[in-house]
Amino acid sequence: MLSLIVFLPIIAGLIILAVPSSQKQIIRIVSLLAALAQGVLAVLIWKDYNPALPGITAGPNGSPLGSFQFVERVPWINLDLAGFGPLNIEYFIGVDGISITMVILTALVSAIGVLSSWPIQKQVKGYFILYNLLATAMMGCFVALDFFLFYVFWEVMLLPMYFLIGIWGGPNREYAAIKFFLYTLFGSVFMLLVMIGLYFSVTDPVTGNHTFSLVAMATQSNYIKDAILGPDNVVWRYVAFIVLFIGFAIKVPMFPFHTWLPDAHVEAPTPISVILAGVLLKLGTYGMIRINFPLFPEVFQAGMYVIGIFGAINIIYGAFCALAQQDLKKMVAYSSISHMGYVLLGLSAGNSEGMVGALYQMFNHGTITAMLFLLVGVIYDRAHTRQIDKFGGLASYMPVYAGLVTVAWFASLGLPGLSGFISEALVFVGAFSSVTTRYIAMVSVLGIVFGAAYLLWSLQRMFLGQRKPGAAYDVVTGDDGHEHIHFHDWNGKLDLDARELTMLVPLVIITIVLGIYPMPILGMLTASINKLVEVLSPVVLSQL
Amino acid sequence: MDIQQLTTIGIYHYLTISALLLGLGIFAVMTRRNAIVILMGVELILNAANINFLAFSKYNGGMEGVMFSLFIIVIAAAEAAIALAIIINIYKLFKSVDVSRIDTMKE
Amino acid sequence: MFELPSGAEIQSIIASLKASVGFFIPEIYLSVLFMLLIVIDLVTKSKKNILLSLITLSGLTGSLFFIYQQHSLQSSEFFFGMYVLDEFALFFKYFFVLSGMLAVVVTMADDQFDREVKSIGEYYALIVSMVIGMIMMASSQDLLMIFLSMELVSFTAYILTGYFKKNQRSSEAALKYLIYGAVSSGLMVYGFSLLYGLTAQTNLIKIGIELAATGADKSLVMMLASLLIITGFGYKIGAVPFHFWAPDVYEGAPTPITAYLSVASKAAGFALLMRFFYVAIPHSTATLSSIVGIDWVTLLMILSVASMIYGNVVALWQKNVKRLLAYSSIAHAGYLLLGLIVMGKFGTQATLFYLLSYFLVNFGAFYVVILIANKTGSENLDDYKGLGKTMPVAGAALTVFLVSLVGLPPTVGFIGKLMIFSALLAKGSVYLWLAFIGIMTSVISLYYYMLIPLNMYLREPQQATGKAMNTGIVPKVIMSVLMALTIYFGLFFTSLSDFSKYSSSLFGIVLQ
Amino acid sequence: MHSLIQLSIVILLLPLLSFVILIFFNRRLPRRGDFIGVGILGTAFVLSLYIFWQVIVQAYDPAFRVAWDFTWIDLGNVPGVGPLKIKMGIVIDNIASIMLSMVTLISFLVHLYSTGYMAGDKNYGRFFAYLGIFTFSMLGIILSDNLFAIYIFWELVGLSSYLLIGFFFEKESAADAQKKAFLANRVGDIGMWLGILILYSQFHTFNYQEIYANLAAGKFALSNGWLTAAGILLFMGCVGKSAQFPLHVWLPDAMEGPTPVSALIHAATMVAAGVYFVARIFVVLTPDALHVIAFVGAFTAFMAATIAITQHDIKRVLAYSTVSQLGYMVLGLGVGAYSASLFHLVTHAFFKACLFLGSGAIIHAMHHEQDMRWMGGLRKQMPWTFVTFTLATLALAGLPLTSGFLSKDAILAGAIGFAEVEGGGIYYLIPFLGFFSAMLTAFYMGRQIWLVFFGESRTHLKPVDDQHHDHNAHGSHDDDHSHHGVHEVAWNMRAPLVILATLSVFFVYSPDPLDGAKGWFMKMIPTPATVVGSSNPQQGFVHAAVMQAPHVESATHTVPDPQHEGTNPVAQHSSAHGDHVYSDPRQAAIVHAGHGAHYTAIYISSVMVILGIGLACIFYVFGVIDPAKTALAIRPLYLFSFNKWYWDEIYQATFIRGSVLIAKMLSWFDTHVVDGIVNGVATLVRKFAFLNNSFDKHVVDGLVNFTAFTVNTTGAVLRKLQTGKVQTYIVMLILVVFGYFVFYFSRIVY
């Protein structure tokens with residue numbers, strides 16, 4: 002079942018490969034069908050998921066079964082390493098509370114991404130092949146429970162992303178693409194070393210062989226004492242943690258490593274921005290939760306407040322940078338940086354409230370930011386510019402659009418009743434409850450104000466007031482006596498058309514529903530998070 | 049002449065000479081511009097090796113050294129043949145055998 | 031000076047020769063093929079004709095059969111210890127024959143030969159003879175044998191490099207190759223002579239024993255000998271600082287030969303280096319420097335680090351794709367050396383695996399480069415602009431090969447790197463810094479490798495020739511197959527890895 | 032579930048229903064569906080009136096309280112805490128039921144009123160939708176039983192106020208005002224949120240009662256300072272919402288919204304929510320926190336009053352008077368006059384709503400003329416408005432026989448008592464400011480009445496361009512009012528005025544026109560006992576903590592209370608006053624002193640009010656002193672007041688400019704430093720580059736960038752070695768070998 006949900010897109014990709022590139026509509030429909038099927042499967046998985054099972058580590062009998070669900074575990078590669086012993090790599094996938102939420106998110110966002118890719122005319126075939134490859138890789142990352150498998154999926158993501166930004170992107174796309182590629186690769190190659198080191202340090206309690214299984218790695222008793230990353234090698238464990246963390250932090254992106262994000266977003270086409278912000282950024286924090294923290298809990302203990310500080314920097318720094326942007330999309334990009342800061346902060350708290358909040362924030366940020374980028378794309382399609390000061394007074398002329406923007410914007414600034422609020426609130430509750438991060442939390446609260454500041458300001462400049470001189474559109478008085486606006490070389494519907502609504506409305510509904518009653522997602526998280534907090538150690542507990 | 053007299057000279061005589069030859073060869077290779085002269089330098093190096101082999105095989109006993117030197121001579125000849133062929137071709141194309149002029153490909 | 035052997039001795043010699051010939055069948059077969067090709071070339075005085083290529087291909091394929099036969103044989107030394115047959119040698123026999131075949135295939139694809147070459151027959155003959163030479167390099171266990179086989183390979187390589195007689199660059203490359211090769215092999219043979227002087231042996235195993243016993247007190251001379259020998263080997267594997275010939279030769283030589291050299295003769299050098307290093311240098315005892323004047327491992331570390339950094343860094347500046355690949359091959363020599371440094375069975379396995387992956391990918395890359403050169407008549411980066419649209423298959427294939435060269439999953443190149451680094455880390459944290467450098471340099475390498483897809487896909491062609499350049503069906507198939515293999519072995523590499531493990535056992539030495 | 036709870040849930044959801052219907056379907060409905068809004072709110076009012084009847088009249092129990100909650104978020108079995116659930120719930124007690132009916136009533140009246148006032152606006156339907164969501168969130172604040180829920184609705188009223196202030200969003204000024212309001216409130220909310228977090232981090236619950244119980248049980252692990260901090264931070268929420276200094280700046284600007292909105296949100300209900308919230312958390316406030324609150328309140332009351340006396344805009348005068356009155360309420364809470372200030376909250380709600388609606392009627396009649404300088408002589412045209420407006424004015428000024436008199440005096444009495452108990456000195460400043468503001472209030476209201484209703488009409492005096500400008504500013508809004516003469520407004524705008532005016536007379540609240548304490552209100556809303564103890568050194572934290580907090584259902588019920596056997600004279604005394612027993616002597620003392628100071632307060636305040644009105648007459652009625660001349664005479668003071676103490680300018684210069692500046696700096700930092708530690712370097716690299724510059728454009732930034740730089744330069748240098756001259760190669764070969772040799776030689780020899 003999981004395999005199906007992972008490989009559906011790539012199957013679609015292969016089908017597309019057979020379709021002649023002139024048949025654009027068929028290509029689109031095939032990908033759409035694949036995405037929808039993925040969504041259906043995600044819902045089925047969601048339905049059958051048993052929230053009581055914790056995941057994170059192996060079950061009582063030492064095997065992942067009884068802890069993870071929908072587990073598929075087949076030996077993939079069994080080598081005999083000369084002079085070292087067997088090397089076992091498994092095709093080992095499964096979900097627990099942490100990953101299933103991300104699986105659902107990925108299915109949702111990639112389906113919406115397909116829809117928003119509809120207008121793309123340039124090399125449609127290549128585009129959708131790469132897109133489906135990307136979708137598979139993302140999904141794979143979230144379900145992989147074998148480090149090797151995870152790494153493969155992780156790296157496979159890079160190339161399609163590189164081309165999707167580089168070929169279908171904006172004017173400065175080459176730069177953005179290569180920057181994204183090098184940055185992420187730089188992060189992940191170190192992961193490779195750590196992965197090998199872990200392999201040599203961990204044995205599977207059942208078979209006794211060395212293993213790449215993340216489940217086995219999450220239990221400290223499986224480590225060989227004097228191995229390179231064994232308990233005795235404190236220094237190397239710290240190094241490994243930091244290296245891994247940087248690798249993931251680049252994806253998040255965390256403060257000093259974030260500079261690829263604005264460029265990538267600004268240059269990428271709308272659907273790719275949606276994917277990038279909606280799913281890819283989550284991979285960073287997901288990696289931390291799945292790999293970084295449970296494998297090196299004691300280092301996490303030592304580093305909690307550092308992570309927290311970086312989280313706070315992200316929140317406030319991102320908000321300030323967003324405040325200064327003239328390009329709407331860049332503003333949204335920086336807002337992502339700010340919002341991912343909440344995730345980091347929640348994780349750094351190391352207690353259940355914070356971590357649940359962080360996970361939930363990941364989900365909500367996925368949906369909300371997807372919405373933001375889609376909306377930016379809508380106005381960009383019409384006006385061919387994203388300069389905030391090229392608009393003004395749009396609310397009078399595009400009421401539906403303005404309404405949705407308002408909802409999205411307020412969701413993004415964490416208005417109660419919309420999902421973003423609950424996650425941010427939980428993050429703060431957690432971060433404040435943990436002594437380590439209490440003061441950091443007190444500082445980060447400022448993010449709430451500045452978040453509101455840049456969002457409301459842009460809202461006012463674009464939608465309220467009157468049309469600005471030199472705006473990207475003319476105001477014409479239609480024959481019915483009402484005022485209309487006319488964008489230069491845009492012949493489509495002025496306000497949102499059916500396709501755009503079908504993309505946006507589901508997201509809006511999800512945002513509102515999850516804002517009023519979050520348990521559908523939280524309910525799946527809690528068991529895993531509580532387990533994770535236990536794994537992460539007694540130190541936190543004593544602080545509560 | 050009499051082999052006994054030769055043997056009164058110790059192995060170090062041979063080694064010294066071979067070392068000198070090697071030095072000369074390297075010097076030639078490093079300094080001469082003419083491709084052919086460079087090749088002659090290479091011959092010197094090879095012959096230095098030859099002398100070593102012969103000397104050692106004499107003083108260690110066993111025939112390997114002698115065999116080796118024979119083969120080196122053969123190889124040297126073959127090398128010279130190929131080299132000359134190439135150099136002639138070069139001369140056709142560049143109208144010169146000055147290796148310092150032949151640098152169309154660099155960096 | 032010495033007395034003739036007695037009849038009985040001669041009898042025994044002849045007997046052992048007879049026995050030895052049984053182990054020598056593939057080489058003999060190939061030599062026959064070599065002469066056959068010459069003859070055919072003489073009778074059919076035509077230009078590059080398909081017949082010769084096919085004969086060569088089928089001939090080489092046939093040799094695979096004989097090589098396969100040898101698996102049944104007990105691994106042993108023969109011709110009085112001059113020559114060995116073991117899994118290691120067999121691996122390289124396959125390797126070289128296959129690369130010979132690929133070289134032929136690549137040559138068939140290259141239009142430049144039609145323009146430049148009158149008769150192609152001796153070209154194929156030379157390729158075959160080079161295969162023979164390299165096989166002997168991989169199997170020889172005696173200084174003399176090593177020297178002879180090396181020179182055989184070198185000479186054929188010189189001729190092949192200069193095979194385009196009318197072409198300045200080709201000839202210049204040949205000359206440089208020749209002079210550089212001659213000097214370094216001369217120095218190497220001088221080193222051999224010193225080694226012989228120290229140990230009174232030319233057989234590697236005996237040398238090893240001899241050195242283990244009495245190496246220490248002659249360390250100064252031994253040091254000089256080792257240095258000179260390293261010079262020779264380093265030149266063959268094209269590792270920094272013995273790499274200078276490589277870029278010019280790779281650029282000037284006919285592209286098939288470039289591919290052939292960059293893969294096969296490099297591999298041959300490694301075969302030689304490994305055998306010499308493992309067998310002749312006694313490393314079972316504690317510290318090498320205490321036995322043989324010079325610490326070989328440190329020396330190799332220096333070579334490998336220098337190669338990785340230099341190769342990758344300088345490649346950043348290349349605008350000629352062939353030259354770029356030349357520098358990348360220098361860098362790859364560095365990665366290969368890493369596996370050697372570990373100096374164990376695991377390391378050997380990793381190195382062999384890496385050679386296999388490199389073999390596949392590099393040939394693929396050069397093949398595509400040739401196809402593109404056929405259409406655009408240029409190997410400059412700028413002329414690759416927009417090729418992604420006009421030559422989709424070629425573009426995709428080249429991208430895959432380059433990704434594999436970088437070492438990203440899911441390609442075989444990634445597994446190669448994985449094996450190498452695993453081998454390093456298996457030794458604990460002592461070699462971690464080497465792994466670190468390897469990682470960093472591979473990040474750098476991403477940059478220049480990606481320049482090619484960048485030009486092919488992200489940029490528009492300067493002259494707007496939107497016409498699709500059709501490469502023909504056969505090349506498309508070949509490219510697709512190579513591409514598929516690259517990815518397949520990246521996901522299911524058990525077979526390759528087991529093969530390289532099986533092949534990682536040498537005669538006369540037990541690696542732990 | 033208690034029937035009242037079910038009822039209250041219905042009441043809570045009705046306005047939301049109206050919102051949902053109207054926001055989506057208003058264009059499809061006749062009259063844009065305004066009747067739906069009015070009808071629904073009417074129903075809601077009737078229902079809440081039933082609750083009021085049940086709770087206040089039937090039960091008549093100071094400690095009446097029904098609560099219900101459900102699990103909203105279940106965090107499972109949290110390590111170190113055990114099962115952790117975040118609950119949502121509803122509590123109905125006396126104050127809640129009173130506020131419930133008050134809010135629904137005013138909201139209903141405003142709905143009704145708007146049918147006239149907003150008629151013809153192009154977003155007519157949406158206006159009622161917004162009113163609906165506002166009423167919903169306001170009711171949520173009233174009913175919720177925990178801090179988390181109140182924070183949620185807190186933000187939601189913020190949203191609805193944002194939407195309603197910016198209802199005429201084509202006006203830049205409106206757009207600015209709405210943003211300002213939201214941000215100012217957010218600043219307050221931060222504090223409130225942190226306060227909530229402090230309490231949660233100790234008890235892992237948001238529920239009032241559980242928090243109080245835990246506090247009373249002394250489970251608060253942090254220092255007492257943290258508790259004070261928690262109190263003050265929570266109060267910050269009130270500072271934002273109730274427009275207390277220093278966050279008061281948004282409220283006057285909020286008058287950009289339609290006048291009914293000003294009446295409903297920015298006079299009667301939402302701004303009072305802050306006071307209501309402080310009352311809810313009253314028992315956790317330490318004496319130190321209370322002092323802060325008292326001073327903030329007093330200062331706000333005074334400052335706003337001084338500003339109000341010089342404003343021209345009729346709504347701004349009312350706005351500042353609102354701020355001032357809210358100051359009174361906060362002051363009242365600060366000094367411990369709990370019931371008094373809640374009393375004032377309710378009375379103020381009614382008469383201030385009346386005033387705003389009245390001013391709305393005037394503005395409506397004057398075709399959106401808001402400047403009192405161009406009004407005058409309206410009493411003849413608009414008798415109904417005149418009467419009701421005057422009545423409400425008297426209540427606001429606090430003349431006897433009005434509701435305002437009762438509540439305000441109770442507060443002032445409490446202030447005096449507080450000052451006495453705290454031992455005089457600086458604390459007398461609070462009652463003093465209170466009384467002085469009372470005088471100012473009387474003055475500026477008198478001024479307003481006169482300027483608006485008496486004298487001759489001054490419409491013609493208005494500069495034309497100004498008029499024109501004013502006309503434009505409303506965009507299409509008032510196009511359908513063609514300019515004909517001023518006339519009284521229609522019944523649907525008149526009725527609310529009458530009802531509200533009636534509600535600002537004393538007998539509604541108390542039989543005795545002079546003492547509110549005799550009324551049902553203050554009997555039903557007793558001061559709850561603190562759970563944090565007094566600041567007296569001899570009565571430490573722990574001691575107070577174990578004392579019984581009467582209407583706090585907590586584990587401490589069982590704790591035997593030594594103070595409770597009537598041995599405590601203070602307790603006895605206060606119980607003689609018919610109040611329940613105060614566990615905390617300080618509280619008891621204050622209340623006691625408050626009762627003592629009752630009549631003093633009456634005298635002083637009456638004098639003050641008469642003084643104020645007198646002054647107004649001297650200035651405006653009899654014209655003995657010319658206001659303009661006076662203004663010139665004390666120009667600096669006048670300007671200071673007229674420019675609202677320059678708070679806006681100060682904030683503009685410091686916070687707003689500051690953060691924008693920081694933002695600009697950081698974003699520069701981001702692009703030039705973080706992004707390109709090496710963008711500068713990249714240009715260097717470009718110098719080295721031999722290829723078309725697209726090559727090194729890609730040289731990546733940050734760390735990677737730095738590597739790229741070093742890499743490229745080294746590359747640039749190293750490639751020079753490849754001279755293309757074979758001899759150089761050989762030389763280098765030899766040199767390398769020789770170098771190695773020397774190296775190892777040295778290693779061996781030495």
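Protein chains in written order, with this note's numbering: chain V, 2 to 545; chain L, 49 to 155; chain W, 31 to 542; chain S, 32 to 781. Glycine included, each C-beta is placed from N, C-alpha and C at the ideal position. Because the structure is a prediction, the values reported are computed rather than measured.
Going by beta carbon distance, what residues of the same chain come within less than 7 Å of Val536/V, once the five residues before and after it are set aside? Locating residue 536/V in the first sequence gives position 535, counting from the first residue. Correct list, in chain order: Ile57, Thr58, Ala219, Pro295 and Pro298.
I'd like to know if Thr744/S contacts chain L, where contact means its C-beta is closer than 9 Å to some C-beta of that chain. For the purposes of this step, residue 744/S is identified with residue 713 of the fourth sequence, where counting begins at 1. Not closer than 9 Å to any Cβ of chain L, the Cβ of Thr744/S fails to qualify, so no.
Going by other Cβ atoms of all chains shown within 10 Å of its Cβ, with 16 needed for buried, is His142/S buried or exposed? Counting from 1 along the fourth sequence, the entry for residue 142/S is found at position 111. Flag for His142/S reads buried.
Residue ranges of each alpha helix (DSSP H) within the region 415-491 of chain W, 4 or longer: 417-420, 422-436, 442-456 and 462-483
According to DSSP, is Met19/L part of a helix, a strand, or is it coil? This structure gives no information on residue 19/L, because the portion of chain L shown stretches from 49 to 155.
Taking the alpha carbon of Ile227/S as the point to measure from, which residue in Val88/S, Tyr243/S, Val77/S and His518/S has its own alpha carbon closest? For this step, residue 227/S is matched to residue 196 along the fourth sequence. Among Val88/S, Tyr243/S, Val77/S and His518/S, the Cα nearest to that of Ile227/S is on Tyr243/S.
In the DSSP assignment, find the unbroken alpha helix (DSSP H) run with Arg468/V in it and report its ends. Position 467 of the first sequence, counting from 1, holds the residue named residue 468/V. First-last for Arg468/V: undefined, no H or E at that position.
C-beta neighbour in chain S for Ile74/L, strict 9 Å: Working through the second sequence from its first residue, we reach residue 74/L at position 26. So yes, Ile74/L belongs to the interface.
Do you know how far the Cα of Ala664/S is from the Cα of Thr341/S? To locate residue 341/S, count along the fourth sequence from 1; it is residue 310. To locate residue 664/S, count along the fourth sequence from 1; it is residue 633. If you take the alpha carbons of Thr341/S and Ala664/S, they lie about 14 Å apart.
Taking 9 Å as the CB-CB cut-off, is Phe234/S touching chain W? Position 203 of the fourth sequence, counted from the first residue, corresponds to residue 234/S. Chain W, which has no Cβ nearer than 9 Å to the Cβ of Phe234/S, makes this no.
Just list the residues that DSSP pairs Val240/V with in beta bridges. Along the first sequence, read from residue 1 onward, the residue named residue 240/V stands at position 239. DSSP lists no partner for Val240/V.
Just to confirm, are Ala380/S and Met133/S a CB contact at a threshold of 9 Å? Walking along the fourth sequence from the start, residue 380/S turns up at place 349. Walking along the fourth sequence from the start, residue 133/S turns up at place 102. Result yes, Cβ atoms of Ala380/S and Met133/S sit closer than 9 Å.
Just to confirm the assignment, what range does the alpha helix (DSSP H) spanning Ser191/S have? Position 160 of the fourth sequence, counted from the first residue, corresponds to residue 191/S. Taken as a continuous stretch (DSSP letters only), the alpha helix (DSSP H) holding Ser191/S covers Leu178 to Ile196.
Express the C-alpha separation of Ser541/S and Phe552/S in angstroms, rounding to a whole number. Counting from 1 along the fourth sequence, the entry for residue 552/S is found at position 521. Counting from 1 along the fourth sequence, the entry for residue 541/S is found at position 510. In a straight line, the C-alpha of Phe552/S is about 8 Å away from that of Ser541/S.
Limits of the alpha helix (DSSP H) - the one that Ala339/S falls within: What you label residue 339/S is simply residue 308 of the fourth sequence in a count that begins at 1. Per DSSP, Ala339/S belongs to the alpha helix (DSSP H) from Pro318 to Ala339.
Take Phe474/S and list the residues in its own chain whose beta-carbon comes closer than 7 Å to its own, dropping the five residues that flank it on each side. Locating residue 474/S in the fourth sequence gives position 443, where the first residue counts as 1. Ile340, Gly643, Leu646 and Ala647, listed in sequence order.
With distance defined between alpha-carbon atoms, name the residue in Trp261/V, Ala108/V, Val7/V and Gly141/V nearest to Ala177/V. Position 176 of the first sequence, counting from 1, holds the residue named residue 177/V. Of the listed residues, the one whose Cα sits closest to Ala177/V is Trp261/V.
Quick one: Cα of Leu432/S to Cα of Ala409/V, how far? Stepping through the fourth sequence from its first residue, residue 432/S is reached at position 401. Stepping through the first sequence from its first residue, residue 409/V is reached at position 408. Going by the C-alpha atoms only, they are around 52 Å apart.
If you count every other CB in all the chains shown that lies within 10 Å of the CB of Trp522/S, and 16 or more means buried, which is it? For the purposes of this step, residue 522/S is identified with residue 491 of the fourth sequence, where counting begins at 1. Trp522/S should be labelled exposed.
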